[in-house]
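Engineer:
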Amino acid sequence: MHGYMAMASHALLPHTGEVQIRIEASSVPELFVEAARALAELIAVPAREPPGPWRHVELEARDHEALLVAWLDELIARTELDDLVYCEAQVIELTDRRLRGRIRGMAIGAPRTAVKAATFHQLRIEDDGGTVHATVTLDV
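In the numbering used here, the protein residues as written are -8 to 131.
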């Protein structure tokens, strides 16, 4: 989408009953995209098939942290309902309280981790001036 994709990264940190995802990106919208990628990587290996159609997502919450939890919970719910893993995501609009984006799912080749929900446990989105990062705890 933009030329900033190379900066984004994530790491999966093991925990009992939960998994933490450490996400870094060049902007808050890119943080949301990278969070979707990290979640998809945790949930399943996609099948070697073309992705499905783009699907729109609109969410409202009190702040960016609450939006990030709502975003991940939406992806978890849609993964379960659609039996797809959402590896591709785009943020169309992100304000303090609203997110509009779109996601594209792929068939699940091999399941990895059954994720129940994103949590607010120790969640903070921090901007170091050029790098935005967050650690998200997921119930598994």
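C-beta: ideal position from N, C-alpha, C; glycine also. Bear in mind the structure is a predicted one, so any value in this text is a computation, not a measurement.
Is the segment 13 to 28 in contact with the segment 117 to 130, if contact means three or more CB pairs nearer than 8 Å?
Structural biologist: The segment 13 to 28 is in contact with the segment 117 to 130.
Engineer: For A108 and A68, what's the separation of their Cα atoms in angstroms?
Structural biologist: 9 Å
Engineer: Along the chain, where does the alpha helix (DSSP H) containing D130 start, and where does it finish?
Structural biologist: Segment 123 to 130 is the beta strand (DSSP E) holding D130; no alpha helix (DSSP H) there.
Engineer: Just curious, the alpha helix (DSSP H) that I34 is in, first and last residue?
Structural biologist: 19 to 34 is the extent of the alpha helix (DSSP H) around I34.
Engineer: Would you report the Cα separation of E56 and Y77, rounded to the nearest angstrom?
Structural biologist: 20 Å
Engineer: Quick one: what's W62 bridged to in DSSP?
Structural biologist: Per DSSP, none; premise fails for W62.
Engineer: For G43, which option in T86, A80, D119, A29 has the closest C-alpha, if you only look at C-alpha atoms?
Structural biologist: A80
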